[in-house]
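Participant: Sharing a structure with you now.
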Amino acid sequence: MITILHTTLHTLLYSIHTLYFFIASDFKTIVIPSTIFGLANSFAAQPYNLPPPLTPAPTRALKALTWTLLTLIPFAISNQLSPSAIAEDTLNKPWRPLPQNRLTRTQAKTTMLTFYALSQIHALLTRTGHRQSLAMIPLGTYYNHFGGADHHPLTRNLTNAAGYLCFTTGAMEVALGCPLPLTHLPPRLAAWLLLLAAVVSSTVHLQDLYDQDGDRLRARRTLPLVIGDSAARWAAALPMLLWGVVCPAFWRVDPRLTIFGGVDDGDSKYDPTCYHWNFTIITWHYVWKRRLP
Numbered sequence: 001m002i003t004i005l006h007t008t009l010h011t012l013l014y015s016i017h018t019l020y021f022f023i024a025s026d027f028k029t030i031v032i033p034s035t036i037f038g039l040a041n042s043f044a045a046q047p048y049n050l051p052p053p054l055t056p057a058p059t060r061a062l063k064a065l066t067w068t069l070l071t072l073i074p075f076a077i078s079n080q081l082s083p084s085a086i087a088e089d090t091l092n093k094p095w096r097p098l099p100q101n102r103l104t105r106t107q108a109k110t111t112m113l114t115f116y117a118l119s120q121i122h123a124l125l126t127r128t129g130h131r132q133s134l135a136m137i138p139l140g141t142y143y144n145h146f147g148g149a150d151h152h153p154l155t156r157n158l159t160n161a162a163g164y165l166c167f168t169t170g171a172m173e174v175a176l177g178c179p180l181p182l183t184h185l186p187p188r189l190a191a192w193l194l195l196l197a198a199v200v201s202s203t204v205h206l207q208d209l210y211d212q213d214g215d216r217l218r219a220r221r222t223l224p225l226v227i228g229d230s231a232a233r234w235a236a237a238l239p240m241l242l243w244g245v246v247c248p249a250f251w252r253v254d255p256r257l258t259i260f261g262g263v264d265d266g267d268s269k270y271d272p273t274c275y276h277w278n279f280t281i282i283t284w285h286y287v288w289k290r291r292l293p
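Numbering (full-length UniProt numbering), first residue to last: 1 to 293.
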């Protein structure tokens, strides 16, 4: 009996660890920012002219985190499933599950389909985030398997921005506990989401700076490979300077709270967090200023 329990526990921990490896690089860019965005904007329901949430903040945070993880996991597996993706990850991210042979491609595909189903069931049961989690299936399929991430830097960046809007608005819906009126959003919220999409689409190629060897092997046309490493850095630095002014001004935030990231030849894997940190600080500051009438 003890042996069975030990084996079961070991298998469970191994599976959880494997799932973590699939999404480890997305925690700082998707999981944490989307969860914070959903929770923070649930506090701002009144300024957005949306019904206030009925659950306490910790519950809303847990719900937003759960939805984000269920939506992200199958997308991440899809992104890492093809032979070319495995070859790229063997060079760029050898700690991921498939290069480590923690599971087979067939097992990974089964896991992906299982989590696609779980994400839809969860969204239907909670009646929130369903449109966004559903939209991520064709969006992820196009991005991962039909050239959305490979053929042109502009397409890649815009698809990333669309995906990011799915994650943030989905997490916000779940935190609020009610669907957003996506066809007639409150003007302030619509403008903020469009601004966020512009921030992501103009800076997301920073994540490609440290993947250049694998992207070159895969013949992927990312911005650093198309215009060069230095030019790609400046192509993100200049918009970041702009967004560092525009985003605080949009919410009338004290500009001293704005945090700028440097652009140098150092370890570029930390660069993509800058714009996420900026918008997180701005969102929280706005919430605490506006949460009371």
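We put the beta carbon where it would ideally sit given N, CA and C, even for glycine.
Taking a contact to mean a Cβ-Cβ separation below 9 angstroms, would you say G214 touches K109 in this structure?
Facilitator: Not closer than 9 angstroms, so no.
Participant: Following the continuous alpha helix (DSSP H) through Q132, name the residue where it begins and the one where it ends.
Facilitator: Run containing Q132: H130 to H145, per the alpha helix (DSSP H) assignment.
Participant: Which two residues bound the contiguous alpha helix (DSSP H) that contains N157?
Facilitator: Counting along the chain, the alpha helix (DSSP H) containing N157 begins and ends at P153 to L176.
Participant: At which residue ranges does the segment 26 to 84 contain complete alpha helix (DSSP H) runs of 4 or more residues, listed in the order of the chain?
Facilitator: As far as the segment 26 to 84 is concerned, its whole alpha helix (DSSP H) runs of at least 4 residues are 32 to 43 and 57 to 79.
Participant: At 4 residues or longer, what runs of the alpha helix (DSSP H) sit wholly inside the segment 178 to 207?
Facilitator: For the segment 178 to 207, whole alpha helix (DSSP H) runs of length 4 or above, ordered along the chain, are 187 to 203.
Participant: Which residue marks the beginning of the alpha helix (DSSP H) containing residue 303, and which one marks its end?
Facilitator: Look at the range of the chain in this structure, 1 to 293, and you will see that residue 303 is not part of it.
Participant: Where S201 and A161 are concerned, what is the direct C-alpha to C-alpha distance, given to the nearest angstrom?
Facilitator: Approximately 5 angstroms, taken between the alpha carbons.
Participant: Quick one: what's got a C-beta closer than 7 angstroms to P53's C-beta in the same chain, skipping five residues either side?
Facilitator: Counting only Cβ-Cβ distances below 7 angstroms, and skipping sequence neighbours, we find S42, A45, R60, A175, L176 and G177.
Participant: Between the alpha carbons of L241 and D150, how many angstroms are there, rounded?
Facilitator: Cα-Cα distance, rounded: 27 angstroms.
Participant: Can you tell me whether DSSP reads M112 as helix, strand or coil?
Facilitator: Of the three classes helix, strand and coil, the one that applies to M112 here is helix, per DSSP.
Participant: From this set, Y142, I2, H152 and S119, which residue's C-alpha is nearest A171's C-alpha?
Facilitator: Residue S119 is the option with its Cα nearest to A171.
Participant: Can you give the Cα-Cα distance for L124 and P179, rounded to whole angstroms?
Facilitator: Distance between the alpha carbons of L124 and P179: 11 angstroms.
Participant: Let me check understanding here. Comparing Cα to Cα, which of F250, L223, S82 and V246 lies closest to residue 300?
Facilitator: Only positions 1 to 293 of the chain appear in the structure, and residue 300 is not among them; the question remains open.
Participant: Note down, in chain order, each residue of its chain lying with its Cβ closer than 7 angstroms to the Cβ of L225, except the 5 sequence neighbours on either side.
Facilitator: Q212, D215 and R216.
Participant: Of the residues A191, I36, L223 and H145, which one's Cα is nearest the Cα of C247?
Facilitator: Cα-wise, what sits closest to C247 is A191.
Participant: For the putative contact between H205 and A231, defined by C-beta atoms under 8 angstroms, what is the C-beta separation to the nearest angstrom?
Facilitator: So it is not a contact: roughly 11 angstroms between Cβ atoms.
Participant: By how many angstroms is the C-alpha of H10 removed from the C-alpha of F21?
Facilitator: About 16 angstroms.
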